[in-house]
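Novice:
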Amino acid sequence: MSLDTSLRKPTDRCDSLLSVLDGAESLSVVCHNNPDPDSISSALALAAIAESASVADVDLYYSGEITHQQNRAMVNLLDVDLCPFSEECLDSTDLMGFVDHAVPGQNNRVPDGYVPDIVIDHHPNESVEGVHVDHREEIGATASILTEYLVELDMELDARLATALLFGIRRETLEFTRDATEAEYTNARYLHPHADVDLLRRLSDSLFTHETLDSIADAIQNRVVKGSHLVSHAGRTTERDTLPQAADYLLNLEGISTTLVFGIIDETIHLSARTRNPRVHAGTLVTEAFGDIGSVGGHRAMAGGAIPLGLFGALDDRDDVLVELVSEVLTERFFEQVVGTP
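Be aware that the sequence shown starts at 733, since it is given in my numbering, and climbs by one per residue.
#1: Could you give the residue range of the alpha helix (DSSP H) that holds Arg968?
#2: Does the contact criterion of 3 or more C-beta pairs under 8 Å hold for the segment 944 to 956 versus the segment 896 to 913?
#3: Starting from Leu1041 and walking both ways along the alpha helix (DSSP H), at which residues does that stretch end?
#4: Please name the residue, chosen from Val1012, Leu983, Gly837, Phe940, that lies closest to His764 on a Cα-to-Cα basis.
#5: Which class does Leu885 belong to by DSSP, given the choice of helix, strand or coil?
#6: Rounded to whole angstroms, how far is the Cβ of Phe940 from the Cβ of Gln801, which I believe are closer than 8 Å?
#7: Output the distance between the C-alpha atoms of Ala1005 and Leu822, rounded to the nearest integer angstrom.
#8: What number of angstroms, rounded off, separates the C-alpha of Asp980 from the C-alpha of Ser964?
#9: Would you call Glu888 buried or exposed, if buried means 16 or more other Cβ atoms sit within 10 Å of its Cβ?
#10: For the candidate residues Ser786, Ser760, Thr913, Val957, whose alpha-carbon lies nearest to that of Leu985?
#11: Note the first and the last residue of the continuous alpha helix (DSSP H) segment covering Asp946.
#12: Suppose you measure from the CA of Asp770 to the CA of Leu992; what does that come to, to the nearest Å?
#13: Who are the Cβ neighbours of Leu809 in its own chain at under 7 Å, not counting the five residues just before and after it?
#14: Buried or exposed: which applies to Thr970, given that a residue is buried once 16 or more other Cβ atoms fall within 10 Å of its Cβ?
#15: On a CA-only basis, which of Ala775, Leu778, Glu757, Val761 is nearest Ser786? Give me that one, please.
#16: In whole angstroms, what is the alpha-carbon distance linking Asp937 and Asp1051?
#17: Of the choices Tyr881, Asp789, Val1071, Leu962, whose alpha-carbon is the least far from that of Leu983?
#18: Check each candidate in Arg1032, His1002, Asp1024, Glu999 and name the one with the smallest Cα separation from Arg1011.
#19: Pull up the DSSP beta-bridge partners for Thr1007, would you.
#20: Tell me the DSSP secondary structure of Thr1016 in three-state form.
#21: Can you tell me where the alpha helix (DSSP H) with Ile871 in it begins and where it stops?
#22: When DSSP labels each residue in this structure, what does His764 get in the three-state scheme?
#23: Shortest alpha-carbon distance to Arg903 belongs to which of Asn954, Glu880, Val1028, Ser876?
#24: Assuming the contact rule is C-beta atoms closer than 8 Å, Glu916 and Ala873 should be a hit. Round their C-beta distance to whole Å, please.
#25: Do Thr1075 and Asn919 have their C-beta atoms closer together than 9 Å?
#26: On the three-state DSSP scale, how would you describe Val842?
#27: For Ala779, which residues in the same chain have their Cβ closer than 8 Å to its Cβ, ignoring the five residues on either side in sequence?
#28: Using a threshold of 9 Å, state whether the C-beta atoms of Ile852 and Val812 are closer than that.
#29: Here's the rule I'm using: 16 or more other beta-carbon atoms within 10 Å means buried, otherwise exposed. How should Thr905 be labelled?
#30: Report the rounded CA-to-CA distance for Arg841 versus Leu897, giving the unit in angstroms.
The following block contains the structure:
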């Protein structure tokens, strides 16, 4: 059952969520693949709400890897108990909740066709189903939405949860410089007095690994520029989270307003796009450029996705040839979309 929550009053949203939680013994909260601070903090908040509603067992799950230095620091410093997701989780829980993603099989490993009980998300999507759905694309961070629930439910907020949510909002909006709305400023003001500022600073100052720095260096070295648009790649890499970091970093290059950075990880091409051009919608851009060959999408200022490597054929051990072919095709498609010529 799909519920439109965009016009609901806050009390209606809370009543709907609490009615789903009522009587449940267990809840599994599923973060999206390779979870970021927005997803992790939102999972912690939903878990806190569930526990306050007397749900005895609440577990947090994720798929993929946690490689970004700030994501690793968040899990370690806040002692977040995240468990690898497996399909057995579906049979061992009363309720399943999605935070910061919405559709089974898209950026998660939940089987297609499964209908979650709770969905709370801010990413663009046209087909969101669930018993309780709070899907608000106009909000800049899912952590903002969860903070509103905590306020409306008048829940006591400890330093750990406040710090996590504030960090989630700050990272999702790049310190309020990307897609931040009034909700992010309002909720950050509410969270700040409860947060541990020293811990927040430690999370923000997390150190790069050598592998991360090497991957970003590759993206800097491989850049191709046409007008105000830039495409680059990190080649074969294990550092998925360096792709959005490189896309953000290269956006600071003089004269550049839109970036696309991709990398090959196992059998998939992962890509990340950023723009500060008000005439460009990053989500629409990647959808029009790559939507016919991969699963892509996103917001106005940021977007991403994945393309199966198998589309480019099997080149065995010739990684240099494969990387060159992928780079040629993706660069041509991107420039053709943004400037009209490959």
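Ideal Cβ positions, reconstructed from N, Cα and C, are used throughout, including at glycine. Everything numeric in this text was worked out from a predicted model, so none of it was measured.
Specialist: If we stick to the structure as given:
#1: Going by DSSP, Arg968 is part of no alpha helix (DSSP H) but of the beta strand (DSSP E) stretching over 961 to 968.
#2: Touching, no.
#3: Counting along the chain, Leu1041 falls outside any alpha helix (DSSP H), and DSSP gives it neither H nor E.
#4: Considering only alpha carbons, the answer is Gly837.
#5: DSSP, reduced to helix, strand and coil, places Leu885 outside both helices and strands of the structure shown, so it counts as coil.
#6: For a cut-off of 8 Å, the C-beta gap from Phe940 to Gln801 is around 6 Å, short enough to register as a contact.
#7: Ala1005 and Leu822 have their C-alpha atoms spaced approximately 33 Å apart.
#8: Their Cα atoms are separated by approximately 12 Å.
#9: The Cβ neighbour count for Glu888, taken over all protein chains shown within 10 Å, is under 16; the residue is labelled exposed.
#10: The candidate whose alpha carbon is nearest that of Leu985 is Val957.
#11: Its alpha helix (DSSP H) spans residues 942 to 953.
#12: Taking the straight line joining both Cα atoms gives about 22 Å.
#13: For Leu809, where only same-chain residues beyond five positions count, the Cβ hits under 7 Å are Leu931, Arg934, Leu935.
#14: Exposed.
#15: The option with the nearest alpha carbon to Ser786 is Glu757.
#16: When rounded, the distance between both Cα atoms is 35 Å.
#17: Minimum Cα distance to Leu983 is reached at Leu962.
#18: Measuring from the Cα of Arg1011, the nearest candidate turns out to be Arg1032.
#19: For Thr1007, which the question treats as bridged, DSSP gives the partners Thr990.
#20: For Thr1016, the three-state secondary structure derived from DSSP is helix.
#21: In the DSSP assignment, Ile871 falls outside any alpha helix (DSSP H) and carries neither an H nor an E.
#22: Correct three-state label for His764: coil.
#23: Looking at Asn954, Glu880, Val1028, Ser876, the one whose alpha-carbon comes closest to that of Arg903 is Ser876.
#24: In this structure, Glu916 and Ala873 form a Cβ contact; the two beta carbons are roughly 6 Å apart against a cut-off of 8 Å.
#25: In the structure as shown, the chain starts at 733 and stops at 1074, and residue 1075 therefore has no counterpart that could be examined.
#26: If DSSP states are grouped into helix, strand and coil, Val842 belongs with coil.
#27: Leu759, Val761, Val790, Leu792.
#28: No. Outside cutoff.
#29: Buried.
#30: Leu897 has its alpha-carbon roughly 24 Å from the corresponding atom of Arg841.
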